[in-house]
Amino acid sequence: MTRPSPDADADAAPLLAALPALGSPERAERERAYLRSELDHLGVPVPALRQALLTWYRGLGPVDRERVLALAARLWGDPVHEHRWAAVELLRTASDRLEARDLAVVERMVREAGTWALVDTLAVHVAGVLKLADPAAADPVVDRWVADGDFWVRRSALLALIAGIRRGTPDLDRVDRYGAATLEEREFFVRKALGWMLRELSTRDPSYVAAWVAEHRERMSGVTLREAVRHLPDAGSPGA
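For my numbering, count along the sequence shown from 1 and bump the result up by 262.
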């Protein structure tokens, strides 16, 4: 990951100064307990952080790839949940400045995040966008993720497919291969991600998902099945 620089410190300072006033100690404690987080929390609501990030980002002036990565490194380096979250939102906002090689940065952040609250945006809105922009370079990286020893990385491989599904260009080959690779997962967060990805696809191609579920139902966990069929017509009882 690009190292933060004195310029990044100066650039980040207004955002970091603004965030504490947007939160509350009570909310910070609730969120820290809910996420089982070891980070400091400021208790900033989602809409408030995103608006603060967008206002700050627009005030930066011209922003190129190197500046985005340096700022993300600066924000991510603090053991504060909202600072790391701001780094994730920055990469999401500036995803059009990034390149497929920056999946290495995304992967490092996923490994260090330790919570769906940071991982999911990185996977869906950063990795997924980079996969769409340059599949030839990105697909081999995400293919490696689905077999990774870190379950957050495996979750990210599944969720990275959602961007293409939502855009109407689902990568059905990888939907099938990643699904088959994670059907017998023991980790809840991966099971849930597989169901989420299939649920997203079911709103656009219900016949594909219905057929896929029918073929693999005997090996599918209850949590995956419940999510996968949630929006299917005449889904019936998904079982326990």
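A virtual CB, placed ideally from N, CA and C, is assigned to each residue, including glycine.
Residue i: first and last residue of the uninterrupted alpha helix (DSSP H) it sits in
| i | result |
| --- | --- |
| Gly426 | Ile424 to Arg429 |
| Leu461 | First, the residue type needs correcting, since residue 461 is Arg and not Leu in the sequence shown. Counting along the chain, the alpha helix (DSSP H) containing Arg461 begins and ends at Phe450 to Ser464. |
| Val381 | Trp378 to Thr383 |
| Arg481 | Per DSSP, Arg481 belongs to no alpha helix (DSSP H) and is neither H nor E. |
| Arg312 | Val308 to Arg320 |
| Gly441 | Leu434 to Thr444 |
| Pro282 | Careful: Pro282 lies outside any alpha helix (DSSP H) and carries neither H nor E. |
| Ala356 | Premise fails: Ala356 is in no alpha helix (DSSP H) and is neither H nor E. |
| Ala395 | Gly390 to Ala395 |
In DSSP terms, what residue i is bridged to
| i | result |
| --- | --- |
| Asp302 | Val342 |
Within 9 Å, strictly: CB atoms of residue i and residue j
| i | j | result |
| --- | --- | --- |
| Ala274 | Leu316 | no |
| Gly457 | Ile424 | no |
| Ala348 | Leu311 | yes |
| Val381 | Ala356 | no |
| Leu278 | Leu337 | yes |
| Glu344 | Leu392 | no |
| Met482 | Leu421 | no |
| Val388 | Arg436 | no |
| Val452 | Ala472 | no |
| Pro495 | Leu463 | no |
| Ser299 | Gly411 | no |
| Ala335 | Ala270 | yes |
| Arg320 | Gly305 | no |
| Leu301 | Val342 | yes |
| Arg370 | Ala399 | no |
| Arg439 | Val408 | yes |
| Tyr470 | Leu445 | no |
| Pro282 | Trp318 | no |
| Val325 | Arg359 | yes |
| Leu352 | Val367 | no |
| His303 | Ala314 | no |
Residue i CB to nearest heavy atom of the ligand GDP below 8 Å
| i | result |
| --- | --- |
| Ala476 | What this structure holds is no ligand at all, so the ligand GDP is not there to describe. |
Three-way DSSP call (helix, strand, coil) for residue i in this model
| i | result |
| --- | --- |
| Pro276 | helix |
| Asp269 | helix |
| Val491 | coil |
| Thr486 | helix |
| Gly411 | coil |
| Asp467 | coil |
| Pro324 | coil |
| Glu293 | helix |
| Glu369 | helix |
| Glu351 | helix |
| Glu447 | coil |
Supposed close pair residue i, residue j - CB separation, criterion 8 Å
| i | j | result |
| --- | --- | --- |
| Gly430 | Arg466 | 7 Å |
| Ala455 | Arg417 | 4 Å |
| Val485 | Val415 | Not confirmed; about 19 Å, so no contact. |
| Arg448 | Glu489 | Not confirmed; about 17 Å, so no contact. |
CB contact below 9 Å: residue i versus chain C
| i | result |
| --- | --- |
| Arg346 | Although the question refers to chain C, the structure presented lacks it and comprises just one protein chain. |
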